[in-house]
Amino acid sequence: MKALLDAGANVTVMDFDVGWTPLSRAAEWDNFEVLTLLLAAGADPNRGAPLVDAIEAGSLRCVRALVTAGADTSMRVDDHSAAQLARTHSHHDVADYLESLGPTGG
1 MKALLDAGAN
11 VTVMDFDVGW
21 TPLSRAAEWD
31 NFEVLTLLLA
41 AGADPNRGAP
51 LVDAIEAGSL
61 RCVRALVTAG
71 ADTSMRVDDH
81 SAAQLARTHS
91 HHDVADYLES
101 LGPTGG
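In UniProt numbering, the protein residues as written are 1 to 106.
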């Protein structure tokens, strides 16, 4: 992955049929190493739905990295807040973290 990024791979490319970005896929698969490489290379934490993917995967480390990179924690899915979404998937550690961020994450 690093070689691709060093060669100038586009980190913001999106599959418009399903809305996936490389960052979304890394979050969905809990691939923290790739996720942090993509963020360091300039991937947008708000393009596509990487935060939703990380929440649904229960990846606290990816959620934290995305939030640190500026992911919008006020997002809503089916009228659920980020923390509520985490709880619907029984990822209580992720929900607790998001709630600790205040009203936008809970």
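All residues carry an ideal CB built from backbone N, CA and C; glycine is no exception. Fair warning: this is a prediction, and the values are worked out from it, not measured in the lab.
Option nearest residue i by Cα separation, candidates the options
| i | options | result |
| --- | --- | --- |
| R87 | R76, T36, A26, E56 | E56 |
| G42 | V52, A71, S81, E99 | A71 |
| L101 | D79, T36, S74, A49 | S74 |
| G103 | Q84, L38, W29, A69 | What sits at residue 103 in the sequence shown is Pro, not Gly. Out of Q84, L38, W29, A69, Q84 has the C-alpha closest to the C-alpha of P103. |
| A49 | L98, L66, L60 | L66 |
Start-to-end residues for the alpha helix (DSSP H) that takes in residue i
| i | result |
| --- | --- |
| L101 | Note, L101: premise wrong, no alpha helix (DSSP H); not H, not E. |
Whole-Å CB distance - residue i paired with residue j, under 8 Å assumed
| i | j | result |
| --- | --- | --- |
| V34 | V63 | With a Cβ gap of about 15 Å, V34 and V63 do not count as contacting. |
Just list the alpha helix (DSSP H) runs in the region 22-96, keeping only unbroken ones of 4 residues or longer that don't cross its boundaries, in chain order.
The region 22-96 contains these whole alpha helix (DSSP H) runs: 22-28, 32-40, 50-57, 60-68, 82-88.
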